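There are 2 protein chains.
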Amino acid sequence: MSSDTGPARLDELLTAAVSAFPVIAAADATERMAWLHAVASGVAAGADELVRLAAEETHLPLGRLQGEVQRTSVQLELFAEVLQEGNYVDAIIDLPDPSSVLGPKPDVRRMLVPIGPVGVYAASNFPFAFSVAGNDTASALAAGCPVILKAHPGHPETSRRTAELVLDALRGSGAPKGSFALVEGMDAGIALVQDERIAAAGFTGSVNGGRALFNLATQRRNPIRFFGELGSINPVIVTPGAADERSASIADGFVASFTLGLGQFCTKPGLLFVPAGHRLVDEIVERTQEVSPGKLLYDKIAGGYESSLRDLQRVPGVRVLVDGGLGDGLFAAPSLLSVSGAHFLGSAEQLLTECFGPTSVLVEYSGEQELLAAVQAFHGTLTTTIHSTDMENMDQAGLVPLLIRRSGRVIWNGWPTGVAVTWAMNHGGPYPATTLDYTSVGATAIHRWLRPVSFQSAPAAVLPAALSDENPLRLVRRVNGTLTSEPIRR
Amino acid sequence: MSSDTGPARLDELLTAAVSAFPVIAAADATERMAWLHAVASGVAAGADELVRLAAEETHLPLGRLQGEVQRTSVQLELFAEVLQEGNYVDAIIDLPDPSSVLGPKPDVRRMLVPIGPVGVYAASNFPFAFSVAGNDTASALAAGCPVILKAHPGHPETSRRTAELVLDALRGSGAPKGSFALVEGMDAGIALVQDERIAAAGFTGSVNGGRALFNLATQRRNPIRFFGELGSINPVIVTPGAADERSASIADGFVASFTLGLGQFCTKPGLLFVPAGHRLVDEIVERTQEVSPGKLLYDKIAGGYESSLRDLQRVPGVRVLVDGGLGDGLFAAPSLLSVSGAHFLGSAEQLLTECFGPTSVLVEYSGEQELLAAVQAFHGTLTTTIHSTDMENMDQAGLVPLLIRRSGRVIWNGWPTGVAVTWAMNHGGPYPATTLDYTSVGATAIHRWLRPVSFQSAPAAVLPAALSDENPLRLVRRVNGTLTSEPIRR
Numbered sequence: 000m001s002s003d004t005g006p007a008r009l010d011e012l013l014t015a016a017v018s019a020f021p022v023i024a025a026a027d028a029t030e031r032m033a034w035l036h037a038v039a040s041g042v043a044a045g046a047d048e049l050v051r052l053a054a055e056e057t058h059l060p061l062g063r064l065q066g067e068v069q070r071t072s073v074q075l076e077l078f079a080e081v082l083q084e085g086n087y088v089d090a091i092i093d094l095p096d097p098s099s100v101l102g103p104k105p106d107v108r109r110m111l112v113p114i115g116p117v118g119v120y121a122a123s124n125f126p127f128a129f130s131v132a133g134n135d136t137a138s139a140l141a142a143g144c145p146v147i148l149k150a151h152p153g154h155p156e157t158s159r160r161t162a163e164l165v166l167d168a169l170r171g172s173g174a175p176k177g178s179f180a181l182v183e184g185m186d187a188g189i190a191l192v193q194d195e196r197i198a199a200a201g202f203t204g205s206v207n208g209g210r211a212l213f214n215l216a217t218q219r220r221n222p223i224r225f226f227g228e229l230g231s232i233n234p235v236i237v238t239p240g241a242a243d244e245r246s247a248s249i250a251d252g253f254v255a256s257f258t259l260g261l262g263q264f265c266t267k268p269g270l271l272f273v274p275a276g277h278r279l280v281d282e283i284v285e286r287t288q289e290v291s292p293g294k295l296l297y298d299k300i301a302g303g304y305e306s307s308l309r310d311l312q313r314v315p316g317v318r319v320l321v322d323g324g325l326g327d328g329l330f331a332a333p334s335l336l337s338v339s340g341a342h343f344l345g346s347a348e349q350l351l352t353e354c355f356g357p358t359s360v361l362v363e364y365s366g367e368q369e370l371l372a373a374v375q376a377f378h379g380t381l382t383t384t385i386h387s388t389d390m391e392n393m394d395q396a397g398l399v400p401l402l403i404r405r406s407g408r409v410i411w412n413g414w415p416t417g418v419a420v421t422w423a424m425n426h427g428g429p430y431p432a433t434t435l436d437y438t439s440v441g442a443t444a445i446h447r448w449l450r451p452v453s454f455q456s457a458p459a460a461v462l463p464a465a466l467s468d469e470n471p472l473r474l475v476r477r478v479n480g481t482l483t484s485e486p487i488r489r
Numbered sequence: 000m001s002s003d004t005g006p007a008r009l010d011e012l013l014t015a016a017v018s019a020f021p022v023i024a025a026a027d028a029t030e031r032m033a034w035l036h037a038v039a040s041g042v043a044a045g046a047d048e049l050v051r052l053a054a055e056e057t058h059l060p061l062g063r064l065q066g067e068v069q070r071t072s073v074q075l076e077l078f079a080e081v082l083q084e085g086n087y088v089d090a091i092i093d094l095p096d097p098s099s100v101l102g103p104k105p106d107v108r109r110m111l112v113p114i115g116p117v118g119v120y121a122a123s124n125f126p127f128a129f130s131v132a133g134n135d136t137a138s139a140l141a142a143g144c145p146v147i148l149k150a151h152p153g154h155p156e157t158s159r160r161t162a163e164l165v166l167d168a169l170r171g172s173g174a175p176k177g178s179f180a181l182v183e184g185m186d187a188g189i190a191l192v193q194d195e196r197i198a199a200a201g202f203t204g205s206v207n208g209g210r211a212l213f214n215l216a217t218q219r220r221n222p223i224r225f226f227g228e229l230g231s232i233n234p235v236i237v238t239p240g241a242a243d244e245r246s247a248s249i250a251d252g253f254v255a256s257f258t259l260g261l262g263q264f265c266t267k268p269g270l271l272f273v274p275a276g277h278r279l280v281d282e283i284v285e286r287t288q289e290v291s292p293g294k295l296l297y298d299k300i301a302g303g304y305e306s307s308l309r310d311l312q313r314v315p316g317v318r319v320l321v322d323g324g325l326g327d328g329l330f331a332a333p334s335l336l337s338v339s340g341a342h343f344l345g346s347a348e349q350l351l352t353e354c355f356g357p358t359s360v361l362v363e364y365s366g367e368q369e370l371l372a373a374v375q376a377f378h379g380t381l382t383t384t385i386h387s388t389d390m391e392n393m394d395q396a397g398l399v400p401l402l403i404r405r406s407g408r409v410i411w412n413g414w415p416t417g418v419a420v421t422w423a424m425n426h427g428g429p430y431p432a433t434t435l436d437y438t439s440v441g442a443t444a445i446h447r448w449l450r451p452v453s454f455q456s457a458p459a460a461v462l463p464a465a466l467s468d469e470n471p472l473r474l475v476r477r478v479n480g481t482l483t484s485e486p487i488r489r
């Protein structure tokens with residue numbers, strides 16, 4: 000029997016989400032915090048079983064999976080903190096002004112409110128942190144939106160078990176029926192984003208899959224915001240000074256980063272710009288050859304990896320430095336390619352296409368002008384990274400603005416893999432990194448599921464607490480243009 | 000000779016915008032404020048000539064046009080204030096945490112940065128406030144984005160003269176060449192939104208035109224944010240208590256609102272829900288008959304108005320209370336229709352279609368249940384309005400959440416026309432009110448042209464002032480989760 004969610008069942012789940020929405024939207028922060036805490040605890044309590052299921056389905060190492068389950072709980076707790084702090088509603092109040100130059104101004108009070116039921120598409124490569132109880136689910140529930148989650152087919156049992164834990168936790172902590180549901184199958188995924196009851200969607204996955212869903216979302220009778228996190232090349236630039244100063248640690252760090260999780264990360268560094276002919280290249284080759292092979296996530300990923308690796312190898316001027324290949328049973332060892340800066344500029348489109356798996360390309364550049372020309376060819380990417388020295392840090396006036404325009408996070412002397420779960424993190428970027436250039440990680444990810452509403456001349460009795468004169472939530476509000484946590488006294 | 004902008008000229012203008020962008024993006028707030036002040040002054044200084052040109056092209060009354068020019072300067076000054084205050088960049092700083100449960104956390108600092116060259120499509124019905132030097136231009140320039148403005152064909156001379164004033168002001172105040180340009184013609188408008196050099200777009204106009212451009216924007220190789228403000232029905236609900244208490248002032252206010260500017264406002268109240276059989280209906284009919292005819296904006300608007308008025312009159316159950324009709328030479332007097340609540344529910348789709356011009360429909364509802372059912376049928380709309388009494392204000396628990404979900408602004412005991420230019424104003428709403436449910440009026444409109452970027456482990460020398468330890472701009476920043484204007488001392 001197929002495990003795919005049929006149209007009748009999907010319809011039931013959507014109806015339940017629509018019924019739950021006003022209840023969730025009206026729930027105060029304390030209630031929603033309790034739900035998030037409960038889900039975080041439920042996932043943590045089920046960690047052993049979840050890790051066992053995921054190890055079997057994804058072939059990811061146990062240590063990595065244990066860390067990822069922990070990260071998933073930390074993410075849920077971060078959004079509980081966001082609710083506790085409360086200022087995410089961005090409250091703005093203009094008191095009436097009878098003497099404005101354009102005529103009397105009314106009392107206007109604006110805040111962010113939840114957008115409605117949200118569709119979430121889980122990732123293949125993060126069975127927890129970007130799946131059933133991952134960032135999109137956590138941020139949407141925190142915002143006050145019910146979630147219908149489309150499971151990734153690569154880890155169905157892990158998804159189902161996580162969903163049971165989420166549903167138990169929500170039920171046990173008093174969340175309304177319909178706050179969360181799991182659906183499976185491509186047809187259900189397609190129907191979900193097209194359904195008028197879904198008000199916004201989140202996605203983590205491939206450019207092709209994400210773009211197809213984005214197209215459906217924007218071609219609806221009433222188009223919706225589709226926050227897709229698609230593909231990213233994450234170029235890393237090593238300056239001559241940095242290569243001279245610390246080639247060994249850069250070689251270590253780079254190889255660890257591009258082979259982490261067998262390169263199956265959206266933040267994998269896919270390009271490393273190194274000074275042409277530098278000994279750093281040899282050090283990287285040596286380290287790459289030392290990495291043991293591992294098993295890729297699943298057959299579709301392996302097929303895509305093989306074909307994109309082959310495409311890269313065919314690009315004019317590309318040399319194979321390490322040929323890890325792809326063995327039987329999804330096994331792969333890292334591959335390393337190289338190309339000159341001039342050849343990169345000649346085939347930038349092909350070399351800027353993401354290869355999802357344990358391969359990276361060294362671009363040996365000759366001089367700053369060639370490097371700057373290469374950077375100008377970059378497409379949108381989640382991250383860009385600079386390895387430089389203290390002296391060189393003083394002189395990045397030309398480079399940094401170019402990187403900012405092309406990426407959502409600029410990193411100095413570090414590696415793009417490993418995305419800290421914090422208030423300031425931005426995990427987004429210009430297309431194709433994301434579809435709307437917004438973050439799916441960190442506290443501000445909650446804003447994807449919120450929309451602004453103004454209350455004009457509203458009676459005190461109907462104003463939400465965030466906008467009332469008394470300011471019972473002690474928010475920092477903009478009152479007549481000035482930020483203040485004081486209540487309004489009149 | 001055609002005044003349309005040809006492909007070669009458009010290409011030149013786009014190239015100039017791309018060159019100007021890094022200069023504008025790097026300009027500090029004081030510089031951009033000077034540009035906005037200069038444009039505001041330039042428009043104010045040219046007011047007499049602009050009003051004369053616009054009166055001829057749009058047939059709008061002189062008083063209205065004078066007020067609109069003044070409003071346009073006020074809008075530009077509001078965004079200068081936003082820059083002076085500075086917190087629109089939403090600065091967030093996480094200091095390093097070596098002891099985090101998920102491993103050491105790096106220094107991460109996030110702010111909003113300008114998105115790139117912006118395409119703006121001017122409106123027909125606001126030749127100043129939503130045209131060449133209007134809200135979209137003002138907010139985009141404030142954000143640090145060059146603007147290429149597609150003029151509306153309904154007022155070409157007004158647009159050209161305003162553009163000259165804008166260009167003079169920008170030149171005179173030191174803005175880089177390429178900061179602003181005017182283009183004309185449908186082909187240029189289509190090419191603009193499809194050009195890869197344009198990073199986002201703003202639009203104010205019809206559902207058909209806006210949706211067509213939205214489709215082009217989202218079907219690009221790299222889709223962009225398209226902020227369209229399209230169509231809105233702006234329903235107003237009069238409770239039985241309010242109708243009994245103050246029918247005369249409601250009749251006056253309603254007729255003034257739906258006939259203001261001959262109903263050619265996106266905030267025109269297109270539906271008024273009144274208690275069935277109430278004397279208020281007769282009072283509204285009387286007031287409507289007293290309104291003098293006027294001349295519509297231009298022939299395409301008149302044609303659209305005639306056809307949508309005819310469609311409304313054909314809806315089953317619709318009665319014509321006042322037939323203002325459409326005379327020769329674009330002259331029209333207000334029309335008033337009515338329908339029962341039951342008939343409204345039977346033909347909600349047709350009755351919820353915007354009729355752009357001086358017509359409104361009274362819906363005579365029988366009881367609260369019928370009213371709530373009608374509200375549930377509403378599509379997205381810029382505004383919803385409630386006229387109620389003090390006693391009834393206490394008991395809107397069922398109604399208000401329904402209105403919030405369907406509109407961007409909820410108004411009590413007022414009228415939707417007249418959108419205050421303030422910090423808290425929201426002029427947006429769910430589709431088709433807008434395409435991305437964001438505001439095009441008020442201080443927060445600047446956020447449409449900004450995107451987030453994080454700096455990870457950035458050397459002090461390359462950090463923008465907004466993110467530096469010293470906090471020279473005295474911003475209120477979120478540091479390790481807490482809002483503070485203190486510098487960081489380590």
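Quick mapping for you: the protein sequence lines, in order, are chains A and B.
Residue 0 is where the first sequence starts when you use numbering that gives the first Met the number 0, and the numbers rise one by one after that.
Residue 0 is where the second sequence starts when you use numbering that gives the first Met the number 0, and the numbers rise one by one after that.
Note that beta-carbon positions come from the ideal geometry of N, C-alpha and C, so glycine has one too.
A quick note: this is a predicted structure, and the numbers were derived from the prediction, not measured.
Buried or exposed: which applies to residue i, given that a residue is buried once 16 or more other Cβ atoms fall within 10 Å of its Cβ?
| i | result |
| --- | --- |
| Thr-481/A | exposed |
| Arg-477/B | buried |
| Thr-433/B | buried |
Could you round the C-beta distance between residue i and residue j to whole angstroms and report it? I think they count as a contact, below 8 Å.
| i | j | result |
| --- | --- | --- |
| Gly-323/A | Pro-333/A | 5 Å |
| Ser-123/B | Gly-153/B | 4 Å |
| Ala-33/A | Gly-188/A | That pair is no contact at about 30 Å. |
| Asp-93/A | Ala-423/B | 4 Å |
| Leu-77/B | Val-420/B | 6 Å |
Are residue i and residue j touching if we call contact CB-CB under 9 Å?
| i | j | result |
| --- | --- | --- |
| Pro-145/B | Ala-26/B | no |
| Phe-425/A | Gly-413/A | Looking at the sequence provided, one finds Asn at residue 425/A rather than Phe. Taking 9 Å as the Cβ cut-off, Asn-425/A and Gly-413/A do not qualify as a contacting pair. |
| Val-475/A | Val-475/B | yes |
| Thr-268/A | Pro-415/A | Here the sequence assigns Pro to residue 268/A, which means Thr is not the residue at that position. It is a contact, given that the beta carbons lie within the stated cut-off. |
| Thr-352/B | Val-321/B | no |
| Pro-315/A | Ala-198/A | no |
| Phe-272/A | Ala-373/A | yes |
| Thr-382/A | Asn-207/A | no |
| Thr-380/B | Gly-407/B | yes |
| Leu-75/B | Val-107/B | no |
| Arg-109/B | Val-452/B | yes |
Residue i to residue j, Cα distance in whole Å?
| i | j | result |
| --- | --- | --- |
| Gly-340/B | Glu-183/B | 45 Å |
| Ile-385/A | Ala-457/B | 10 Å |
| Gly-397/A | Glu-163/A | 52 Å |
| Val-360/B | Leu-335/B | 6 Å |
| Leu-279/B | Ala-241/B | 10 Å |
| Val-165/B | Asp-186/B | 24 Å |
| Leu-9/A | Leu-191/A | 8 Å |
| Ala-331/A | Tyr-304/A | 10 Å |
Among all the DSSP beta bridges, which residues are the ones paired with residue i?
| i | result |
| --- | --- |
| Lys-149/B | Tyr-120/B and Val-182/B |
| Val-112/A | Arg-450/A |
| Lys-176/A | Beta-bridge pairing links Lys-176/A to no other residue. |
| Ile-249/A | According to DSSP, Ile-249/A bridges with nothing at all. |
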